[in-house]
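**Q**
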């Protein structure tokens, strides 16, 4: 009798408990296995019901209000605007970098051209100096030979021809008309019969 009264009391206590209160299993521990199984099934059903209620409450809380939706849209628009500004900054940086590269390339080309012009001017000066030395050398040699040639031949034309031969023999690597004095004498008439060369 005492055992049955304890089981009834435990069942009534389980029925009268609220949904959030834990079941009291002190009396169930002394009950029979069938009664304990029934109690556990009842507790499981109550727990399942509570879980369903919690889930419905959670889903209700998950629903967004119009203000939240508007706020999220504003945040998304701000993010898109910031991404656009970042892309524009990247493009501007690339353009400035390209402009800087062009300026550096232009400066390098300008310096290279200045070096080339300097070398060209030096080469022109060197050629002018070589031509001046050539004229001086040829003039000095032929000025010494001219009186002898003129005296021995007695003819300006013959002496002039012999001076060409002498010049070709002295400067064999300068072509058929090696002496600039002869080129000058060929391009301009003789001043007098005493000398076919011009004074510098």
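Residue numbers (my numbering): 774 to 973. Using N, Cα and C, we set each Cβ at its ideal position, and we do this for glycine too.
1) Is residue 897 close to the ligand FAD? I mean its beta-carbon at under 6 Å from any heavy atom of the ligand.
2) Using the C-alpha atoms, what's the distance from residue 866 back to residue 849?
3) How long is the line joining the alpha carbons of residue 844 and residue 884, rounded to whole angstroms?
4) For residue 805, name the three-state secondary structure that DSSP assigns.
5) List, from N- to C-terminal side, the beta strand (DSSP E) runs of 3 residues or more that fit wholly inside the region 814 to 892.
6) If we count the other Cβ atoms within 10 Å of its Cβ and call it buried at 16 or more, is residue 878 buried or exposed?
7) Nearest-angstrom Cα distance between residue 892 and residue 920?
8) Whole angstroms is fine: what's the gap from residue 820's alpha carbon to residue 857's?
**A** In short:
1) For the structure depicted, the ligand FAD is absent and the ligand set is empty, with no information on it obtainable.
2) Rounded to whole angstroms, residue 849 and residue 866 show a C-alpha spacing of 26 Å.
3) The alpha-carbon atoms of residue 844 and residue 884 are separated by roughly 60 Å.
4) For residue 805, the secondary structure class from DSSP, reduced to helix, strand or coil, is coil.
5) As far as the region 814 to 892 is concerned, it has no whole beta strand (DSSP E) run of at least 3 residues.
6) With fewer than 16 Cβ atoms within 10 Å of its Cβ, residue 878 is classed as exposed.
7) In a straight line, the C-alpha of residue 892 is about 43 Å away from that of residue 920.
8) Residue 820 and residue 857 have their alpha carbons spaced roughly 52 Å apart.
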